[in-house]
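Notes to accompany the following structure.
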Amino acid sequence: MKKSTIAILVGIIIGGLFVALGETLAPALFPPKTPYPTDPTKVADFIANDLPFMYKFVLVLNWGIAAFLAGILSTAISGRTSLQPMLASVAVLNILVLINSFLRGYPQWMIITSLFLFIPLGLIAYFLIRKKKVDENL
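Sequential numbering of the sequence shown, starting at 1, is according to UniProt numbering.
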């Protein structure tokens, strides 16, 4: 397998594990005051109105950290010369988080924030650890 393929896979896997860790820790840190409803039609209203704001904020913060970590790892493993492995891993991770957000019924502000969070944080991670004297092919 090529280095760039391994870099993409590692970025997706580690970023995905970090997202899953946040989804597990957020309810433990900020438990909801009422239990989750058993009726599926009431879950979106419950998430929008009854979950604490810090619960949702920690999730969004965790997504940003996962995107940054995926960008760092995919850039480092690929040799720190190419932008494509970072973009691929962060884009796939963003799609997976969007699917999760739609399935769980998160509020629109969380979905919009995730759209504008992943690629810029991945780019910041890339530009922090790239090799400085290399011609970049975007």
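Note that the Cβ used here is the ideal one computed from N, Cα and C, for glycine as well.
**Asked** Can you tell me where the alpha helix (DSSP H) with L96 in it begins and where it stops?
**Response** 84–104
**Request:** Verify whether the separation of the beta carbon atoms of I112 and S101 is less than 8 Å.
**Result:** In this structure, S101 does not lie closer than 8 Å to I112 by Cβ.
**Item:** Cβ neighbour criterion (16 or more within 10 Å) applied to K33
**Value:** exposed
**Prompt:** With a CB to CB cut of under 6 Å and the five nearest residues on each side skipped, what residues in its chain are close to L73?
**Reply:** V10, G11, I14
**Message:** Would F30 and V58 be called neighbours here (beta carbons separated by less than 8 Å)?
**Reply:** yes
**Item:** Three-state secondary structure (DSSP) of K3
**Value:** helix
**Message:** Along the chain, where does the alpha helix (DSSP H) containing L115 start, and where does it finish?
**Reply:** Where L115 is concerned, the enclosing alpha helix (DSSP H) stretches over 108–115.
**For K132, the three-state DSSP class (helix, strand or coil)** = In the three-state reduction of the DSSP assignment, K132 falls in the coil class, being assigned neither a helical nor a strand state.
**Message:** Just verifying my parser: in three-state terms, what is the DSSP assignment at D50?
**Reply:** coil
**Request:** Tell me whether D45 sits in a helix, a strand or coil according to DSSP, three-state version.
**Result:** helix
**Option nearest R104 by Cα separation, candidates I47, T38, K3** = Closest by C-alpha distance to R104, out of I47, T38, K3, is I47.
**Message:** Please tell me whether I8 and A125 are closer than 8 Å, where the distance is taken between their beta carbons.
**Reply:** no
**Item:** Classification of A67 by the beta-carbon crowding that lies within 10 angstroms, buried from 16 upward
**Value:** buried
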